[in-house]
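Contents: one structure, followed by commentary.
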């Protein structure tokens, strides 16, 4: 009798010790990375619900169930049954005891407050793993694998063996949840459309999900289209745009050997996703690293993000960052990218403001686009390029940073950048603007060098005055028409007859001054009735009469050009 009592006391002490250990690790929705002890022999842990090993047994998320105790034709069926058997408040489904090599078909996990502990091993996924509560949001869902690897069958590896149109992990209206420590692998024999899909669905909100230490890759070209995709509507159709699909955090997430885009943000309300030490590595067929241009409805392609650290590149044919319509500000810094044709581009010329900050960081490529534009930016700014190291190696195309807005004024800020370019000469200035904008860069402390020739020089500093950088060169015209550019300060007419001048839009350049003089018997008029005479009065077209030596100084008042001085 005494020996039986002693054995019972020892067993009880063992149970108390394990329970205390689980509690000490804080198992529950606030700490999905805890380790729940395996049930010892003779412990009653059946499908009804075990409470032998729980954290806060009197509260929510207390139940721990083990997937090995559930029947099912596949590993996925056992996991699905385990999650379904948890109470409505959620709990822990410990699937770590399931053997490697099993199959996961299409399953739907429709419960909040779940901590799902995945087994180590390699598993063939033949249909999407869907996290979804039809009619509402899923929150507090935490899925934890046992590690990641590139094709070494280490950790939790989910091999795609399904159709070419579906994602492997489909998160519909999921919020305030975490997914971590597993790999997603695809192959040419079973192409994967998306590794992870974030969808908005009616009745729920899709926001604030954390992805940590995840690898998504294809072992061959054309085996993976997109790594992570944020989209709106049923199955990314844009048919019903609901929820926000924003504020996700990705830490240590790597996408490799993709076709279209590693991280595709689709939807005007998909904003402020944050990347920490993540990476994308494309191959010759790869197009984009992070993109906001690839949605089903191009009019909604306007998402935003923050990118900190990380790197990659790997021959993206379009750009490492391919941006759609103007939206919230975008920050990209602390990166190291190699091999792509372009660092960043925006899709179409726009007249809106769009603050984008790039750098510090490093970008190098022997494969730069034929136009030489490392950055192609088509909005008004401010575009802030700071602390970049740009290296184009043996490429004969010198890299440039080009602003090509359809409106003005335009602001580019370039501070402390270093450009290495073969064949660089003392007149090289990589900071350019399209002719419609004239000069638009504020430059300070930028350097260019050619390691081969030894040419090293500072790019002259320049500050844009009155929102427009102008030249002091005299512009002599001998024709009958002329359109004023942003570089003009003084225009001289030297022909006969009449010269018609198209002035800049006064409303766009308030305070701007333009001087006009004729050194021949040539009349100068405006193409529009937008010139106020020296004596005042209504605006007309007259600027100078046809007498040599006549001159006038015109200044924009925001509506017209006013002659403030002349003879």
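Numbering (my numbering), first residue to last: 4 to 570. Using N, Cα and C, we set each Cβ at its ideal position, and we do this for glycine too.
Here the alpha carbon of residue 555 sits roughly 49 Å from the alpha carbon of residue 306.
Going by DSSP, residue 83 is part of the alpha helix (DSSP H) stretching over 78-88. Collapsing the DSSP output to three states places residue 463 in coil. Across the structure, residue 447 and residue 333 are spaced so that their CA atoms are roughly 22 Å apart. Sequence-distant partners of residue 256 (beyond 5 residues in either direction) whose C-beta falls short of 6 Å from its own C-beta, in its chain, are 214, 217, 281.
Around the beta carbon of residue 401, 16 or more other beta carbons sit within 10 angstroms, so the residue counts as buried. Rounded to the nearest whole angstrom, the C-alpha separation of residue 384 and residue 252 is 26 Å.
Taking residue 112 as the centre and dropping the five residues before and after it, the same chain places the C-beta of 86, 134 closer than 6 Å to its C-beta, in chain order. The beta carbons of residue 75 and residue 128 sit no closer together than 8 Å.
DSSP, reduced to helix, strand and coil, places residue 72 within a helical segment of the structure shown. Setting aside the 5 residues that flank it on each side, residue 309 is surrounded in the same chain by 277, 334, each with a C-beta closer than 6 Å to its C-beta; the list follows chain order.
Going by DSSP, residue 228 is part of the beta strand (DSSP E) stretching over 227-234.
Residue 342 counts as buried, since no fewer than 16 other beta carbons sit within 10 angstroms of its beta carbon.
With contacts defined by Cβ atoms closer than 8 Å, residue 557 and residue 516 form a contacting pair. In the DSSP annotation of this structure, the continuous segment of the beta strand (DSSP E) that includes residue 282 starts and ends at 282-284. Note that the C-beta distance between residue 534 and residue 526 is not below 8 Å.
By the neighbour-count definition (other C-beta atoms within 10 Å, threshold 16), residue 530 is an exposed residue. Residue 277: member of the beta strand (DSSP E) spanning 276-279, first to last residue.
Cα atoms of residue 359 and residue 386: separation of roughly 5 Å, rounded to the nearest angstrom.
DSSP places residue 238 in the helix class (H, G or I) of the three-state scheme. According to the DSSP secondary-structure assignment, residue 188 is paired through a beta bridge with 162, 220. For residue 508 and residue 540, the gap between their C-alpha atoms comes out near 20 Å.
Within the same chain, 199, 266 come within 6 Å of residue 231 by CB-CB distance, once the 5 residues on both sides are set aside. By the neighbour-count criterion, in which a residue is buried when 16 or more other Cβ atoms sit within 10 angstroms of its Cβ, residue 502 is buried. Secondary structure of residue 170 (DSSP, three-state): strand. When beta bridges are read from the DSSP output, residue 394 appears opposite 367, 423. Taking a contact as a CB-CB distance under 8 Å, the pair residue 189 and residue 151 does not count as one, their CB atoms being some 15 Å apart. Note that the C-beta distance between residue 481 and residue 497 is below 8 Å.
Taking 8 Å as the upper bound for CB-CB distance, residue 322 and residue 347 are in contact here, some 6 Å apart. If you check the CB distance, residue 318 and residue 287 come in under 8 Å. Taking C-beta atoms as the reference points, residue 146 and residue 121 count as a pair closer than 8 Å. Here residue 410 has 354, 383 as same chain residues with Cβ atoms under 7 Å from its own Cβ, once five neighbours each way along the sequence are excluded. For the set 303, 92, 158, the Cα lying nearest the Cα of residue 326 is the one of 303. Cβ contact annotation for residue 394 (same chain, cutoff 7 Å, sequence separation greater than five): 367, 423, in chain order.
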